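Worksheet: one structure, shown below.
Number of protein chains: 2
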Amino acid sequence: MEPRPATLKEIAQKLNISVSSASRALHDHASIGLRTKMRVQQLAKELNYQPNQNAILFKKRKTGMIGVILPFLSQDFFAAVVSGIEDIAYSRNYTLLLGQSRDDEQRERRILETMKNHRVDGMLISISKNTSAYDHFESLKSSHIPVVFFDRIPELPGIHSITSELGPGMLEMIGFLIKRKHRHIAMINGPESLPASRERRTGYLSALKKHRIKGSPDLLVSSDLSAESTHEAMRRLLSLKRPPTAIISFNDYVALDAIRYAKKKKIRINKDIIFVSFANEPVCNYMDDPPLASLEQFPYQQGEKAIEVLLQLLHSIEEGTPDPSFHNILLKSQLIIREE
Amino acid sequence: MEPRPATLKEIAQKLNISVSSASRALHDHASIGLRTKMRVQQLAKELNYQPNQNAILFKKRKTGMIGVILPFLSQDFFAAVVSGIEDIAYSRNYTLLLGQSRDDEQRERRILETMKNHRVDGMLISISKNTSAYDHFESLKSSHIPVVFFDRIPELPGIHSITSELGPGMLEMIGFLIKRKHRHIAMINGPESLPASRERRTGYLSALKKHRIKGSPDLLVSSDLSAESTHEAMRRLLSLKRPPTAIISFNDYVALDAIRYAKKKKIRINKDIIFVSFANEPVCNYMDDPPLASLEQFPYQQGEKAIEVLLQLLHSIEEGTPDPSFHNILLKSQLIIREE
DNA sequence: GAAAATCAGGCAATCGATTGCTTAAATTTG
DNA sequence: CAAATTTAAGCAATCGATTGCCTGATTTTC
Numbered sequence: 189m190e191p192r193p194a195t196l197k198e199i200a201q202k203l204n205i206s207v208s209s210a211s212r213a214l215h216d217h218a219s220i221g222l223r224t225k226m227r228v229q230q231l232a233k234e235l236n237y238q239p240n241q242n243a244i245l246f247k248k249r250k251t252g253m254i255g256v257i258l259p260f261l262s263q264d265f266f267a268a269v270v271s272g273i274e275d276i277a278y279s280r281n282y283t284l285l286l287g288q289s290r291d292d293e294q295r296e297r298r299i300l301e302t303m304k305n306h307r308v309d310g311m312l313i314s315i316s317k318n319t320s321a322y323d324h325f326e327s328l329k330s331s332h333i334p335v336v337f338f339d340r341i342p343e344l345p346g347i348h349s350i351t352s353e354l355g356p357g358m359l360e361m362i363g364f365l366i367k368r369k370h371r372h373i374a375m376i377n378g379p380e381s382l383p384a385s386r387e388r389r390t391g392y393l394s395a396l397k398k399h400r401i402k403g404s405p406d407l408l409v410s411s412d413l414s415a416e417s418t419h420e421a422m423r424r425l426l427s428l429k430r431p432p433t434a435i436i437s438f439n440d441y442v443a444l445d446a447i448r449y450a451k452k453k454k455i456r457i458n459k460d461i462i463f464v465s466f467a468n469e470p471v472c473n474y475m476d477d478p479p480l481a482s483l484e485q486f487p488y489q490q491g492e493k494a495i496e497v498l499l500q501l502l503h504s505i506e507e508g509t510p511d512p513s514f515h516n517i518l519l520k521s522q523l524i525i526r527e528e
Numbered sequence: 189m190e191p192r193p194a195t196l197k198e199i200a201q202k203l204n205i206s207v208s209s210a211s212r213a214l215h216d217h218a219s220i221g222l223r224t225k226m227r228v229q230q231l232a233k234e235l236n237y238q239p240n241q242n243a244i245l246f247k248k249r250k251t252g253m254i255g256v257i258l259p260f261l262s263q264d265f266f267a268a269v270v271s272g273i274e275d276i277a278y279s280r281n282y283t284l285l286l287g288q289s290r291d292d293e294q295r296e297r298r299i300l301e302t303m304k305n306h307r308v309d310g311m312l313i314s315i316s317k318n319t320s321a322y323d324h325f326e327s328l329k330s331s332h333i334p335v336v337f338f339d340r341i342p343e344l345p346g347i348h349s350i351t352s353e354l355g356p357g358m359l360e361m362i363g364f365l366i367k368r369k370h371r372h373i374a375m376i377n378g379p380e381s382l383p384a385s386r387e388r389r390t391g392y393l394s395a396l397k398k399h400r401i402k403g404s405p406d407l408l409v410s411s412d413l414s415a416e417s418t419h420e421a422m423r424r425l426l427s428l429k430r431p432p433t434a435i436i437s438f439n440d441y442v443a444l445d446a447i448r449y450a451k452k453k454k455i456r457i458n459k460d461i462i463f464v465s466f467a468n469e470p471v472c473n474y475m476d477d478p479p480l481a482s483l484e485q486f487p488y489q490q491g492e493k494a495i496e497v498l499l500q501l502l503h504s505i506e507e508g509t510p511d512p513s514f515h516n517i518l519l520k521s522q523l524i525i526r527e528e
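Listed in order, the protein sequences are those of chains A and B. Just so you know, we're using my numbering here: the first sequence kicks off at 189 and counts up by one. Just so you know, we're using my numbering here: the second sequence kicks off at 189 and counts up by one.
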């Protein structure tokens, strides 16, 4: 048993040929005689030779690695995105370097720096909710490392991104509520620093308008996505003179926290108040009182799309025909209504 | 803006010195004059020079990468393990290559092969529930890639592993049930192919014995961990002449599937039947009727411990003093009782 | 039978950084 | 002032594999 994996050099020495001939023999190059080819291939098999990908990629100035940075793996949404990324990446011989920011900007920066120094070929990023400055992302541009952002994207010009289309979903959601005779519709939004929150707010307001419903500023509250903050938001909503009969929440986790709070206050879910939400997380399937409807955002497909765009960018760069345009893809979402 | 990250060579050329001098200047080597050092360091800063980790590690015949293979990221348990691994790994300048087997042996093999070809320095693996042959793990041994298994470990001699201690937990669990006057205690176990299942079975039987309770073979059923299979197991238990009053399940996900089935059959959770389980998954916090008790297995700490053992192995190999012993660490678990 | 063509394989550079060894120049010492 | 020492830096090999360009030996062609 050799101490290390076999190398071309070893094969060459044992057969008394040059390394280049050994390499060519394994690649079935025309300038190597049949006898030699056979001998090399045979010995390679015997020694269980596997070319060192790193050496090959190093010479090609590539690494075959894609860096993935996201807030939390423990959210099903992101876990599903990773699965989508993984399936495409491995099939194209790329591996994934993974890092969780845990919604901490400093951690996000450290991970990004580490991955940069490891010379990942490209990156897929969903930013931390607390990230305020974007200079670390800018630095990737000057390092010429292509990045595709997904789901939580920074507000920067000239980026590639994959997000799911919320406007139509929000409209459908509010349509659904109105059909059920709800007129007093609140929203627990996420932090205003997230573009996703601003988009939800805009969608909420314009959907209300389209349905000729006069909203009230009191009905639009926000949470920093922690359970405490969501509970506080619920407290405010429930203490209104006229509390809402329907609540749209930033995502299912917020909905679950809100529902938990409501139950503690003896509010009957889907009777006194109904909840609708975003993400359609599988965890909801285990709940007694999940949000009545949730907007499926197809995370697996988002992941697939993100890596596909990235690989395409990498490919065009390699070909020397860099694509000057920016890809900002909006994926369709779909309102999933749970049967009571 | 240079097309690529700056290299030592570029710095050397611009200053008309040799690459080796530039390297030494940046490392503050004694044989480089102060003037030269200053000039090199200044220029390095200007060009935003960052040493190419891959080149350095390539020369050192290392990659600074740890391969992590586990069944599903979407299970909180594994997501938490990854967090533990990640925190230690990044602090020691290692990055993580991630792959999900999705409980598919072929996929597990493919990922393992890819990681091997990328020459990860070591691996952390929790095996797929469907993995029957272990030769792919053996092959790591001959490649001299150290592996530490965690949670779901293969039954092989001479491996390193981190698992949580189930015996005492099971005893405590059954003690808890008995204190509550339960004598008819069933178990929905996992597939027999998993050592974890066998361990639970043994623990279950011996704990019953210790408490002088005569079990019945009918009370010990198993599920392949899918919802359907768990429902089938529940069906069998509920159709017994004397159905159990308490059910221990393989893990919380099985418990949730079982509880869902029971509720459909109008069984009152924690009245007609109580559930206890393993893993103490956070998802249970959102349930109306979670398992009444669950054995916390401290996944984050399991991850930490696993990578610590691995890094220690790597270190001792590097030092030329390989540790011939096998580390098989049992972490304490803790029964968490949920207040009704 | 000699020139041309084909065949089989080797040399050396390359990717980026590190490091043992050597060397030229400057300085110190006797 | 010559020898010894110190200072400052360069050369070249190395990690593993690929690839353009040679070169020597056959074989073919006229």
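Glycine included, each C-beta is placed from N, C-alpha and C at the ideal position. Since we're looking at a predicted model, the values are computed, not measured.
Annotation for Q522/B: E484 place their beta carbon closer than 6 Å to its own, counting only its chain and skipping 5 residues before and after. DSSP places L407/B in no alpha helix (DSSP H); its state is neither H nor E. Assigned with DSSP and collapsed to three states, Q263/A falls in coil, not helix or strand. Taken atom to atom, the span from the alpha-carbon of S271/A to that of E496/A is near 13 Å.
Taking 9 Å as the cut-off between beta carbons, the residues of the segment 235-247 of chain B near chain A are N236, Q238, P239, N240, Q241, N242, A243, L245, F246, in sequence order. Assigned with DSSP and collapsed to three states, H324/A falls in helix. Separation of L344/B and T351/B (C-alpha to C-alpha, rounded to the nearest whole angstrom) is 14 Å.
In terms of Cα proximity to L518/B, the closest of I525/B, E506/B, S410/B, Q489/B is Q489/B.
Closest option to S404/A, judged by alpha-carbon separation, among L382/A, R430/A, K459/A: R430/A. Taking a beta-carbon distance threshold of 8 Å, D309/B does not count as an interface residue toward chain A. When C-alpha distances from M475/A are compared across L502/A, D440/A, I273/A, the shortest belongs to D440/A. Between the alpha carbons of K197/B and Q238/B lies a distance of about 12 Å. The segment 501-517 of chain A makes no contact with the segment 209-224 of chain B, as fewer than three CB pairs between them are under 8 Å.
If you check each beta-carbon in the segment 285-301 of chain B against every beta-carbon of chain A, the ones closer than 9 Å belong to L285, L286, G287, Q288, R290, R295, R298, I299, E301. Secondary structure at M311/B: strand, using DSSP grouped into helix, strand and coil.
Distance from the Cα of K369/B is smallest, within the candidate group E507/B, L235/B, P479/B, N458/B, for N458/B. Fewer than three Cβ pairs drawn from the segment 440-455 of chain B and the segment 328-344 of chain B lie within less than 8 Å of each other, which leaves the two stretches out of contact. Around the beta carbon of S385/A, 16 or more other beta carbons lie within 10 angstroms, which makes this residue buried. Not one beta carbon of chain A lies nearer than 8 Å to the beta carbon of R386/B.
Burial check for S316/B: the Cβ neighbour count within 10 Å reaches 16 or more, so the residue is buried. Here Y322/B is exposed. Its C-beta has fewer than 16 other C-beta atoms within 10 Å. Boundaries of the alpha helix (DSSP H) harbouring I244/B: 241-247, taken from the DSSP string. Interface flag for V270/B against chain A is set, since a Cβ pair is found closer than 8 Å.
Considering only beta carbons, no part of the segment 483-513 of chain B lies closer than 8 Å to chain A. The residue among M311/B, N318/B, L499/B with its C-alpha nearest the C-alpha of L328/B is M311/B. Neighbourhood of R448/B in chain A, by CB distance below 9 Å: N473, Y474, in chain order. Within chain A, the C-beta atoms nearer than 8 Å to that of A267/B come from F260, L261, S262, A267, in chain order. Setting aside the 5 residues that flank it on each side, R526/A is surrounded in the same chain by C472, P478, P479, L480, A481, S482, each with a C-beta closer than 8 Å to its C-beta; the list follows chain order. Taking the C-beta atoms as reference points, V308/B is found no nearer than 8 Å to G346/B. Our two residues, T283/B and E293/A, have alpha carbons roughly 19 Å apart in a direct line. Sequence-ordered contacts of the segment 407-430 of chain B with chain A are nonexistent [C-beta pairs closer than 8 Å].
Pairing I199/B with L231/B gives a Cβ-Cβ distance under 8 Å. Taken in chain order, the unbroken stretches of beta strand (DSSP E) that lie wholly in the segment 452-498 of chain B and span 3 residues or more are 462-467, 481-484. Under the Cβ criterion of 8 Å, T283/A is counted among the residues facing chain B.
In this structure the segment 350-366 of chain B lies against the segment 386-398 of chain B, because at least three pairs of beta carbons, one per stretch, are closer than 8 Å. Residues T251, G252 of the same chain have their beta carbon placed closer than 6 Å to that of L245/A, with the five preceding and five following residues left out of the count.
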